[in-house]
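Heads up, the thing below is written out as structure tokens.
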Amino acid sequence: MAKLSDSQGITNLRVSVTQRCNLNCIYCHREGENGSGREMNIGEIGRIVDCAAEIGIRGVKITGGEPLMREDIADLIECISNTDGIDEVSMTTNGTLLENLAKPLKHAGLDRVNIGCDSLSRTLDKNRDNILPGLLAAKKAGLTPIKLNMVVLSGVNDHEIGDMIGFAREHRAILQLIELIPLNKPVYDRYKFALEGIENELSKNAKGITTRKMQSRKQYILDDVVVEVVRPSREFCMNCNKIRLTSDGKLKPCLMRDDNLVDTNNGKSLNTLFLEAINKKEPYYEN
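Residue numbers (the numbering used here): 26 to 312.
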């Protein structure tokens, strides 16, 4: 059986399990999904993850919408974590529902979480007060290393980057600074904040710099805290080692496109469909 790692180095599957969310963030892209609203059941997802593992995928990240909106989320995590060949199961969440679920999710096999936190004030829904109970519960449960995802918006929270670094340091979390992407053009045109200048400052002050395999992202090691910068570019695309699965069962080669989806229910073998989707991957950003 062909291995994805032998073709384009795809080793991660990003699984959207719902489009539902309890927040309404202005920049939300819902994984670039504009689907039917149907949610795959645990059996369907498990079948696809099992095939993914057989052909070389080793990490699964659960996304949404807000994945904790699913009542069966712990059972779903257990199904995925028990799949032979899957080495890590992680989740991206807004954290607001995490307080009472962190321990059950860890017990079910979840390894770590990314928690959205855009502000220390109440300017945005994903703020310190709203996510702190979930963050503390995740730490206590051992869902580490925890990453805090900060989408930087011009004129809204760009002035809080320094304070967010301090907040991440306080909780021994990795801070991810995320540059807005143009999936919603009016929002992008109004709120885009280029992170190049911030990254240059981080580079000057860092005690060390590492480069992740995932999209060639740079991590800047400061005093007792790590800051990662997520900026779209051709290099970012060329080093992408993941593929997406939409909540209604389509393989999605690129976040930024929906004209190359591969339906997992079209009658072909899943192995064939995965390889078909991988072969449709191409850089979205040209520079």
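Heads up, the beta-carbon is just placed ideally off N, CA and C, and yes, glycines get one too.
Fair warning: this is a prediction, and the values are worked out from it, not measured in the lab.
- Three or more pairs of CB atoms, one per stretch, sit closer than 8 Å, so the segment 203 to 217 contacts the segment 176 to 192.
- C-alpha of residue 61 to C-alpha of residue 239: approximately 30 Å in a straight line.
- In the DSSP assignment, residue 183 forms no beta bridge with any residue.
- Secondary structure note for residue 259: its alpha helix (DSSP H) is the uninterrupted segment 259 to 263.
- Annotation: residue 168 to residue 74 spans about 21 Å, alpha carbon to alpha carbon.
- The segment 137 to 153 makes contact with the segment 187 to 194, as at least three CB pairs between them are under 8 Å.
- With at least 16 other beta carbons inside 10 angstroms of its own, residue 277 counts as buried.
- Residue state for residue 216 is assigned as helix, using DSSP reduced to three classes.
- Residue 39 is bridged by DSSP to 86, 269.
- Contact between residue 209 and residue 52 holds, with the beta-carbon distance rounding to 7 Å and staying under 8 Å.
- One alpha carbon belongs to residue 161, the other to residue 72, and they sit about 33 Å apart.
- In the structure shown, residue 62 falls within a coil segment according to DSSP collapsed to helix, strand and coil.
- Residue pairing by DSSP places residue 137 opposite 115 in a beta bridge.
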